[in-house]
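S.K.: So for the sequence shown, this note's numbering puts the first residue at 347; every next one is plus one.
Where a beta carbon is used, it is the ideal one built from N, C-alpha and C, also for glycine.
Okay, handing you the structure first.
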Amino acid sequence: MKRSLVASLAAVAALSLGVASACGENLVTAMKMTVPPVRRLPIAIEGAVVRLAEDAAIETNNPVYQQRARDTLIPQQLRTEMMRALRDAGFVVVTDSAGDADLVAHVAFNVSDVGGHPRQLYRCKLSSPEGEVVEAVDWVWPEGTFVEDDAVLEFASHNLVSEISKSSNLWTWFGAHPKGSFARRAAPPTAPVASDAGAAPVAPHAPEPSVDASASAPAAPALHPAAPDAAAP
């Protein structure tokens with residue numbers, strides 16, 4: 347399975363997660379977790395459009411971790427898992443770099459050395475299309491927790507997006523920028539429809555023009571009989 351390629355990077359991270367014996371812990375004392383469901387967005391925010399057009403960035407200065415991440419396709423696979431998790435939360439996800447969106451997502455994966463052991467950190471920054479940072483969430487892999495090798499990135503993405511769904515900053519921002527407001531910000535002003543020169547615009551449901559009754563309607567009958575002609579014999 348392609349996703350199982352994350353196993354080699356997961357093995358490196360295991361040194362700091364209490365999954366490997368190099369950390370001095372027994373596997374029996376570690377917690378094996380299943381992938382949790384993604385926390386849903388508040389109903390008022392569901393349907394907001396998020397653009398995720400780039401692969402995840404690898405934020406580490408360690409060349410060994412950098413190469414292992416590239417070899418195991420972490421940037422591409424993490425982006426894929428984040429797209430799924432964002433959709434599960436209630437976002438609409440677009441991938442076109444020029445597409446309209448309420449928010450733009452940037453995802454990153456960081457491996458750093460802490461106490462001689464690697465530490466995994468997953469990051470998602472949400473910005474407005476104009477570049478204003480709305481929220482930035484970091485999620486650190488819990489020590490002593492492990493999952494199946496092919497579920498590492500899914501587990502991390504679900505936890506990271508669940509933190510986003512709980513964000514009060516997100517709620518505040520959407521209170522001032524309703525969903526879909528990007529369309530109103532980007533739309534050019536609508537020009538009035540030109541009418542005939544010198545003519546006033548016709549109002550909707552205008553009444554039909556009046557018709558000259560003398561030209562088309564029959565003469566109305568007299569209310570009283572005509573008086574006899576005095577000159578008649």
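Have a look at the DSSP bridge pairing and note the partners of residue 472.
M.R.: 451 and 481
S.K.: Could you please give me the residues that DSSP links to residue 464 through a beta bridge?
M.R.: 459
S.K.: With residue 486 and residue 467 assumed to form a contact (beta carbons below 8 Å), what rounded beta-carbon distance in angstroms separates them?
M.R.: Right, their Cβ atoms sit about 5 Å apart.
S.K.: Taking residue 518 as the reference, which of 450, 391 and 378 has the closest Cα?
M.R.: Selected option, being the one with the closest Cα: 391.
S.K.: To the nearest angstrom, how far is it from the Cα of residue 508 to the Cα of residue 409?
M.R.: 31 Å
S.K.: Between which two residues does the alpha helix (DSSP H) carrying residue 410 extend?
M.R.: Start and end: 409 to 417.
S.K.: Run through DSSP, which three-state label would residue 497 get?
M.R.: helix
S.K.: Less than 8 Å between the C-beta atoms of residue 435 and residue 511, yes or no?
M.R.: By the CB criterion at 8 Å, residue 435 and residue 511 fall inside the cutoff.
S.K.: Look up residue 502 in the DSSP assignment and give the residues it is bridged to.
M.R.: None; residue 502 has no bridge partner.
S.K.: Check this for me: beta carbons of residue 383 and residue 505, under 8 Å apart or not?
M.R.: Contact flag unset, no.
S.K.: From the DSSP output, which residues share a beta bridge with residue 377?
M.R.: 491
S.K.: To the nearest whole angstrom, what separates the beta carbons of residue 447 and residue 469, a pair I think is in contact under 8 Å?
M.R.: Not confirmed; about 19 Å, so no contact.
S.K.: Tell me whether residue 336 sits in a helix, a strand or coil according to DSSP, three-state version.
M.R.: As displayed, the chain neither begins before 347 nor continues past 579, which places residue 336 out of reach and without an answer.
S.K.: Relative to the C-alpha of residue 387, which candidate in 445, 513 and 489 has its C-alpha closest?
M.R.: Taking only the C-alpha atoms, the option nearest residue 387 is 513.
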